[in-house]
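Participant: Dumping the structure here so I can ask a few things about it.
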Amino acid sequence: MKKQHFIALLIVILFGTAKLNFEQRLSEANRAAFFHGAKLDLSLRQQIGQAGFLAALGGFRSVVADFLWIEGHIAWEQTRWGRMALLFNDATTLQPRNLMFWDISAWQLGWNASIAALNDVHQPDKARRIETQHQYWKAAEDVYLRGIQNNPDYYYLYEMLADLYRDKFQDHLKAFEYYDKAARFPNAPIYEKRMAAYQLSYVPDREKEAYGLLLKYFNMGEKEHLPELLTRLQYLENKLNVPASQRVQLTPEDLQELKNLPNRENISPAQGGGNPDKKP
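Everything in the sequence shown is counted per my numbering, starting at 20 for the first residue and increasing by one.
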């Protein structure tokens, strides 16, 4: 009898050791893949129901996530912003490496939901409408930050968060920081560096640094002589009192392009309608 107990105990120990090693390797693999926010917890169980929860546990995470995404899209069409946010959150929890899920979730909150809140005819108090609008901006910021946490190896969500800081928060320093982070990825588009320099040019006491960066891009050739870059260079030369002999020499084509633009030198990109040269 004692021998049987010893064998049983040995089997349990060996099984437990093997299980622990497997779970450790699985945890390490998840960390290597940046699955920081994918937790099948009780809140998710309450949202998707028992059948969906079991399906997710059974290896059908992507199927359940797609279903939730469709439900969230329907909630968006019905302007049920709270339900939409919950459904999109569950979809990103199940598929944290899907960049589109993170991006669209944040965009719907930061742009569509926030605009709807500001124009809410059922809320006569303008201060409350503005407060709710800002809450949606913060919610969008949180989505992008969690998306970056789960996908730190790709530039795209860094750029989208920078757009949010630029267009909504008017926080040019944070916009610069995240465009700059995006630009450091080897597969990032060339415009990321320009976008970072543009935003830096709006930050007090950083104008000289921004001027040096923009001047470097200008000297790379005519393909870099884009309207926003020319406009910011002229503004900074005036701001920094750069001697006339040291200012950039614009071509007739450059001057004509600037002549056709409205006076935008002292306004932010968001107020001026965005940056027309952002996409290649």
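Just so it is clear, CB atoms sit at the ideal spot from N, CA and C, and this is done for glycine as well.
Source: prediction; values computed, not measured.
1) What's the C-alpha gap between R148 and A158?
2) Quick one: residues in its chain with C-beta nearer than 6 Å to the C-beta of S46, no 5 flanking neighbours on either side, listed in chain order?
3) May I have the straight-line CA-CA distance separating F107 from R203, to the nearest angstrom?
4) Rank W95, E160, N238 and S220 by C-alpha distance to the C-alpha of T250 and give the top, closest one.
5) With a threshold of 8 Å on Cβ separation, who are the neighbours of S81 within its own chain once the five nearest residues in sequence on each side are excluded?
6) What span of residues does the alpha helix (DSSP H) with T98 cover, start to end?
7) Do you know how far the Cα of H153 is from the Cα of Y177?
8) Hey, quick one: how far does the alpha helix (DSSP H) through D199 stretch, first residue to last?
9) Quick check: the Cα distance between V261 and L234, rounded to an integer number of angstroms?
10) To test your reading of the DSSP string, which unbroken alpha helix (DSSP H) runs of 4 or more residues are found completely within the segment 205-269?
11) Around the C-beta of N279, are 16 or more other C-beta atoms found within 10 angstroms, so that it is buried, or is it exposed?
12) Quick check on the burial criterion: 16 or more other C-beta atoms within 10 angstroms. Buried or exposed for L128?
13) Within the same chain, show all residues whose beta-carbon is closer than 6 Å to that of I209, passing over the 5 residues directly before and after it, in chain order.
Facilitator: Let's see:
1) Within the sequence shown, numbered from 1, the residue matching residue 148 stands at position 129. Within the sequence shown, numbered from 1, the residue matching residue 158 stands at position 139. Approximately 15 Å between the Cα atoms of the pair.
2) Here residue 46 is taken as the residue at index 27 of the sequence shown, counted from 1. Only weak support exists for where S46 lies, its pLDDT of 47 falling under 50; the value from the coordinates is given anyway. Nothing listed; no residue qualifies.
3) In the sequence shown, the residue the question calls residue 107 occupies position 88. In the sequence shown, the residue the question calls residue 203 occupies position 184. The alpha-carbon atoms of F107 and R203 are separated by roughly 29 Å.
4) Mapped onto the sequence shown, residue 250 falls at position 231. Nearest option by C-alpha distance: S220.
5) On the sequence shown, position 62 is the one that residue 81 refers to. L113 and Q114, listed in sequence order.
6) Reading the sequence shown from its first residue, position 79 is the one you call residue 98. It is not in any alpha helix (DSSP H) - T98 carries neither H nor E in the DSSP assignment.
7) As a working note, residue 177 is residue 158 in the sequence shown. As a working note, residue 153 is residue 134 in the sequence shown. Each residue's alpha carbon lies about 20 Å from the other.
8) Counting from one through the sequence shown, the residue named residue 199 turns up at place 180. Per DSSP, D199 belongs to the alpha helix (DSSP H) from H191 to A202.
9) For this step, residue 261 is matched to residue 242 along the sequence shown. For this step, residue 234 is matched to residue 215 along the sequence shown. Answer to the nearest angstrom: the Cα atoms are 12 Å apart.
10) 210-219, 226-237 and 246-258
11) The residue you call residue 279 lines up with position 260 of the sequence shown. Burial call: exposed.
12) The residue given as residue 128 occupies position 109 in the sequence shown. Buried, since its Cβ has 16 or more Cβ neighbours within 10 Å.
13) Residue 209 sits at position 190 when you count from the first residue of the sequence shown. Answer for I209: no residue qualifies.
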